[in-house]
Amino acid sequence: MDTPMVEKSKLDEDKEGKAVDPSHYRGIIGTLLFLTASRPDLQFEYACVPDADHAGCQDTRRSTYGHVQFLGDRLISWSSKRQKSTAISSTKAKYIALSGCCAQILWMRSQLIDYGLGFNKIPIYHDNKSAIALCCNNVQHSKSKHIDISYHFIKEHVENGVIKLYFVNTEYQLVDIFTKAHGKERIEFLINKLGMRSFTPKTLQQLTDEVDE
Numbered sequence: 001m002d003t004p005m006v007e008k009s010k011l012d013e014d015k016e017g018k019a020v021d022p023s024h025y026r027g028i029i030g031t032l033l034f035l036t037a038s039r040p041d042l043q044f045e046y047a048c049v050p051d052a053d054h055a056g057c058q059d060t061r062r063s064t065y066g067h068v069q070f071l072g073d074r075l076i077s078w079s080s081k082r083q084k085s086t087a088i089s090s091t092k093a094k095y096i097a098l099s100g101c102c103a104q105i106l107w108m109r110s111q112l113i114d115y116g117l118g119f120n121k122i123p124i125y126h127d128n129k130s131a132i133a134l135c136c137n138n139v140q141h142s143k144s145k146h147i148d149i150s151y152h153f154i155k156e157h158v159e160n161g162v163i164k165l166y167f168v169n170t171e172y173q174l175v176d177i178f179t180k181a182h183g184k185e186r187i188e189f190l191i192n193k194l195g196m197r198s199f200t201p202k203t204l205q206q207l208t209d210e211v212d213e
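UniProt numbering applies: residue 1 is where the sequence shown begins, and numbers increase by one.
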């Protein structure tokens, strides 16, 4: 069932049913309101979306990877840079991107802990099932032995429950805007989903004038 109630249903009185206690219902709602106000980890979700192209640089054949981080529905961090080594497959390029994202998450998590915000099972959304499977498999096999050992630390944090990986369709891979070129329609879609705004030179000048005043 996609909604709380079945569409076009006909309801009648349940004469044998137990009457609802309104005070109990209000108590439950009050408890939930208290939790969302006193538990920042419930009020704000911390999440990350990484991605990488494959051999996008025509000179070095290295991949470009990026990530975006959200606290609640606010974009708080983003990055885009070329990888330090050449990836022989898209899976390796995206696996390295996931590891880099994990490192950023651990740093940001330590900062949030200092403010009393504790986060575990931090969601990472990615569009490559092979890279996700590689992160969740602690056994090294022939397809992963060539990957530098420094990138494998992500597996430990997946196993310990610090981060949790989720598959997302490429259409909703929001960090695509930082890793590859897109048409106008796609860029506008991604900018909107990221909560970013595109300022014209006129708008920027108006903002500058307001600051000067």
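We put the CB at the ideal spot given by N, CA and C, even for glycine.
I think residue 162 touches residue 125, with their Cβ atoms under 8 angstroms apart; what is that distance to the nearest whole Å?
Numbered from 1 along the sequence shown, position 162 holds the residue referred to as residue 162. Numbered from 1 along the sequence shown, position 125 holds the residue referred to as residue 125. That belief does not hold up - the Cβ atoms of residue 162 and residue 125 are roughly 16 angstroms apart, past 8 angstroms.
From residue 24 to residue 48, what distance separates their C-alpha atoms?
Residue mapping note: residue 24 aligns to position 24 of the sequence shown, counting from 1. Residue mapping note: residue 48 aligns to position 48 of the sequence shown, counting from 1. Answer to the nearest angstrom: the Cα atoms are 38 angstroms apart.
In the DSSP output, which residue or residues are listed as bridge partners for residue 125?
Stepping through the sequence shown from its first residue, residue 125 is reached at position 125. Per DSSP, 166.
Check residue 57 in the structure and name its three-state DSSP category.
For the purposes of this step, residue 57 is taken as the residue at position 57 of the sequence shown. Note: residue 57 maps to coil in three-state DSSP.
What number of angstroms, rounded off, separates the C-alpha of residue 153 from the C-alpha of residue 78?
As a first step, residue 153 is located in the sequence shown; it is residue number 153 there, counting from the start. As a first step, residue 78 is located in the sequence shown; it is residue number 78 there, counting from the start. Cα-Cα distance, rounded: 21 angstroms.
Buried or exposed for residue 28, please, with buried defined as at least 16 other CB atoms from any protein chain shown within 10 angstroms of its CB.
Indexing the sequence shown from 1 puts residue 28 at position 28. Result: exposed.
In whole angstroms, give me the CA-to-CA distance for residue 19 and residue 196.
Numbered from its first residue, the sequence shown carries residue 19 at position 19. Numbered from its first residue, the sequence shown carries residue 196 at position 196. Each residue's Cα considered, the two are about 49 angstroms apart.
Helix, strand or coil, according to DSSP, for residue 30 in the structure here?
Locating residue 30 in the sequence shown gives position 30, where the first residue counts as 1. The answer is helix: DSSP assigns residue 30 an H, G or I state.
Going by DSSP, what residue range makes up the alpha helix (DSSP H) through residue 104?
Position 104 of the sequence shown, counting from 1, holds the residue named residue 104. It spans 90-114 - the alpha helix (DSSP H) in which residue 104 sits, taken as one unbroken run.
DSSP state of residue 152, grouped into three classes?
The residue given as residue 152 occupies position 152 in the sequence shown. Looking at residue 152 - three-state DSSP - the assignment turns out to be coil, as it is neither helix nor strand.
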